[in-house]
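Peer 1:
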Amino acid sequence: MTSGDTRLTSWKSIARYFGKSERTVRRWEAEEGLPVQRHMHRSQGSVFAMESDLAAWQKSRSEVSNAQPLRDDRAETTSLIVMPLQFLGTNAAQDFLAVGFTDELISGLSRLDGLRVISRTSSHALSARSLSTAEIRKLVNADILIEGSIRQTGENLKISVQMINCRTDQSSWSQTTTCDLDGIFDAQAELVDAISKTLSHSMSNVTGDPQTVQRSRDRNIWEALVRARIESLRWTPAAIRNAAGLLEASIERYGDDPALVSALGRCHLFLREIGSNMSNQPLDAAEECLTLLRRSVPDEPATHQLAGWIAYQRGDIPAAMHSLRAAYIADADDPDTLALLSYSYLLSGLDDLAHPIVDQLIAIDPLTPLNHSLAACKELFAGRFDAAVESYAYMCNLDPSNKMAHLFHVMAMSISGEKQAVLKKVNEVAASFDTTPIDRLLHAFASGVRSEEIRSAPRIDMAMKATTVDMFPRLMAQAHGLSGNKDAALEWLSLAADRGFRNWTFMTEIDPSLALLREDEEFIRLMTRIKIDQQELRHQFS
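Residue numbers (the working numbering): 34 to 575.
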């Protein structure tokens, strides 16, 4: 366990530090002397702890002779979803107010201990669908639903929200507040406080500080952030560039506000994430944003997250895990952090560390397709191929136009021996084999399951070899392994290892596509090096 001076400001973040439940760390404080302090002047007596104090306490516990293992208690958690607020104003251009207000309610309520709040991504995914409370409950496993509206008349806002019990479909609380546009932050804090107090009074497991932490108290900056987020979630190159342009214009006008700089850094990385610009230019631009953040807010979760994402994109998985773990401890409910940290753990063979984080991710963000690829990856690396195929199929159903989802599905079906299903899907979704890396890989797996030689595509292969992440080389190694080309499989697998793929157990014992390599001396040397690397990572992160 690494130590430092990071301040953990909730039971939830303290629990995440240890990888335990909130009930467990509360009991440790009461019975084992866990060093937790309190701000008793606040409305609900919020807690905090210093990471260095927790590390020292844990070390002292481990040094007690014949000490019994610290018991872990699993508390029941209440699940809540904030549905997108309806905008009832006459000017549709102002509907960002409802989107932003919804996001701030989600952010504020996520700080409460004992409460699992469904992410904004999954919440907004439901906005275009007409669903009953029972249907919403089934989709996201929610116990409580918050819904409401914002009515704008000129500069004045009327915000109405109500709380619904998803089991009974009955309203248990409601409140209306009014403000002008300049008072929107106070209105957000007022409603988060009212909701949290209502929950705390009716549910003993829900506690904590209900204060909201707005990304900015400047209304112009807040508007720019919300509008940029709306654009970037369209997930097209043009929309992401529009979002980046909006953020750059706002930085030019209002200065290097950390929230603006952080959002801009993420936009640069989004362009690589969707394959729009695989050069180093987006990474270099994101690095510039990170430099500014490290000067102004070095300990913020967003700074650690951006650092981790950049390190991952550059192929430095250990550095990515260090930064992402710091972000995770500070904010255990950010889906982007959960996704990238769990994937980095899976790549590194730290499956036991990844599994609870993947489960947490699916619990709070069940409707984002990419997250189900991580659930599938968890099953795949454990050798549960049928479950992996099922999870990848669900991902495809959530986002049928996502060709990457279909590629993952084809890969899983290929190594589980579903030849006809692979050929059928490749025929349905793939363009020419030399069009894009994804199409190249789809056709490669089709050749692999037929035990045929994979056709040459030098231009595409060169582009895949130039990437700094492991995914394309790893998939090419599997396809060549299925086709029987040992030399090509080993070449691509070595590239994947250089880019951070260190799941020794999967490569040496589980993946059938690599079976032809396991007696090869070069493969054995590669696996020996990978096992040493994996053991060192486990020493650092366990």
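Using N, Cα and C, we set each Cβ at its ideal position, and we do this for glycine too.
Please read these numbers as outputs of a predicted model, since none were measured by experiment.
Would you check if the distance between the CB atom of I183 and the CB atom of I192 is smaller than 7 Å?
Peer 2: Cβ atoms of I183 and I192: closer than 7 Å.
Peer 1: Which same chain residues, not among the five before or five after Q568, have their C-beta less than 6 Å away from its C-beta?
Peer 2: Here the set comprises nothing.
Peer 1: Does the contact criterion of 3 or more C-beta pairs under 8 Å hold for the stretch 396 to 404 versus the stretch 422 to 442?
Peer 2: Contact holds: three or more Cβ-Cβ distances are below 8 Å.
Peer 1: Quick one, which of G450, I362, G416, T154 has its alpha-carbon nearest G481's?
Peer 2: With distances taken between Cα atoms, G481 lies closest to G450.
Peer 1: Helix, strand or coil for K519? Go by DSSP, reduced to three states.
Peer 2: DSSP places K519 in helix when its eight states are reduced to three.
Peer 1: Exposed or buried, I284, counting other C-beta atoms within 10 Å across all chains shown (16 or more means buried)?
Peer 2: Buried, since its Cβ has 16 or more Cβ neighbours within 10 Å.
Peer 1: Going by other Cβ atoms of all chains shown within 10 Å of its Cβ, with 16 needed for buried, is R248 buried or exposed?
Peer 2: With a pLDDT of 49 at R248, under the threshold of 50, the predicted position of this residue should be treated as unreliable, and no value is reported.
Peer 1: Please state whether DSSP places R535 in a helix, a strand or coil.
Peer 2: Coil, per DSSP.
Peer 1: Put K191 into one of helix, strand or coil per three-state DSSP.
Peer 2: Strand.
Peer 1: Between L304 and chain D, is the shortest Cβ-Cβ distance under 7 Å, so that the two count as touching?
Peer 2: Structure shown: chain D not included; a single protein chain is present.
Peer 1: Along the chain, where does the alpha helix (DSSP H) that runs through S447 open and close?
Peer 2: Unbroken alpha helix (DSSP H) run through S447: 436 to 448.
Peer 1: Should H439 go down as buried or exposed, given a rule of 16 or more other Cβ atoms within 10 Å for buried?
Peer 2: H439 should be labelled buried.
Peer 1: Please list the terminal residues of the continuous alpha helix (DSSP H) segment that includes G341.
Peer 2: It spans 334 to 346 - the alpha helix (DSSP H) in which G341 sits, taken as one unbroken run.
Peer 1: Can you grab the Cα-Cα spacing for the pair Q393 / L113, in whole Å?
Peer 2: For Q393 and L113, the distance between alpha carbons rounds to 14 Å.
Peer 1: On the three-state DSSP scale, how would you describe F181?
Peer 2: Sequence check: residue 181 is Gly here, not Phe. G181 falls in the strand class under three-state DSSP.
Peer 1: Apply the 10 Å Cβ neighbour rule to H572 and answer buried if 16 or more other Cβ atoms are within range, or exposed otherwise.
Peer 2: By the 10 Å Cβ count, H572 comes out exposed.
Peer 1: Please determine if the stretch 343 to 361 and the stretch 370 to 384 are in contact, where contact requires at least 3 C-beta pairs separated by less than 8 Å.
Peer 2: Judged by Cβ distances under 8 Å, the stretch 343 to 361 makes contact with the stretch 370 to 384, as three or more pairs qualify.
Peer 1: At 4 residues or longer, and completely inside the stretch 396 to 434: list those alpha helix (DSSP H) runs for me, N to C.
Peer 2: Runs found: 402 to 414, 418 to 431.
Peer 1: Where do the ends of the alpha helix (DSSP H) carrying V462 lie?
Peer 2: 452 to 462 is the extent of the alpha helix (DSSP H) around V462.
Peer 1: Please classify H234: is it buried, with 16 or more other beta-carbons within 10 angstroms of its beta-carbon, or exposed?
Peer 2: Classification of H234: exposed, given that the 10 Å Cβ count is below 16.
Peer 1: So S112 is in the beta strand (DSSP E); what residue range does that whole segment cover?
Peer 2: Here the beta strand (DSSP E) through S112 covers 111 to 115.
Peer 1: Who does L41 pair with in a DSSP beta bridge?
Peer 2: BP columns for L41 point to A82.
Peer 1: For H405 and S424, which I take to be in contact (beta-carbon distance under 8 Å), what is that distance rounded to the nearest angstrom?
Peer 2: About 5 Å separates the two Cβ atoms, so the contact holds.
Peer 1: What is the DSSP secondary structure of I493, reduced to helix, strand or coil?
Peer 2: Helix at I493.
Peer 1: Thinking just about the alpha-carbon of each residue, which of H476, L515, G514, I471 is nearest to the one in M504?
Peer 2: Taking only the C-alpha atoms, the option nearest M504 is I471.
Peer 1: Comparing C-alpha positions only, which one of S527, K564, T231 sits nearest to E542?
Peer 2: Per the Cα distances, K564.
Peer 1: Indicate the three-state DSSP secondary structure (helix, strand or coil) for T35 in the structure shown.
Peer 2: Residue confidence is low: T35 scores 44 on pLDDT, short of 50, so the model does not pin down where it sits. No coordinate-derived value is stated.
Peer 1: Are the stretch 171 to 181 and the stretch 79 to 92 in contact at 8 Å, needing three or more beta carbon pairs?
Peer 2: Contact fails: fewer than three Cβ-Cβ distances are below 8 Å.
Peer 1: Who are the Cβ neighbours of L280 in its own chain at under 7 Å, not counting the five residues just before and after it?
Peer 2: Closer than 7 Å at Cβ, skipping near neighbours: A257, A261, L293, A296, L297, C300.
Peer 1: Just verifying my parser: in three-state terms, what is the DSSP assignment at M196?
Peer 2: Strand, per DSSP.
Peer 1: Buried or exposed: where does T35 fall if 16 or more other Cβ atoms within 10 Å of its Cβ makes it buried?
Peer 2: With a pLDDT of 44 at T35, under the threshold of 50, the modelled position of that residue is not reliable, and no figure is offered here.
Peer 1: So, using beta-carbon positions, are A372 and P334 closer together than 7 Å?
Peer 2: Cβ atoms of A372 and P334: not closer than 7 Å.
Peer 1: Give the range of the alpha helix (DSSP H) segment to which Q203 is assigned.
Peer 2: Q203 -> not in any alpha helix (DSSP H); beta strand (DSSP E) instead, spanning 203 to 213.
Peer 1: Rounded to whole angstroms, how far is the Cβ of F574 from the Cβ of M437, which I believe are closer than 8 Å?
Peer 2: Contact doesn't hold; Cβ gap of about 28 Å is too wide.
Peer 1: For I576 and I263, what's the separation of their Cα atoms in angstroms?
Peer 2: As displayed, the chain neither begins before 34 nor continues past 575, which places residue 576 out of reach and without an answer.
Peer 1: Closer than 6 Å by C-beta to R267: which residues in its own chain qualify, once you throw out the five before and the five after it? Chain order, please.
Peer 2: Cβ neighbours of R267 beyond the five flanking positions: none.
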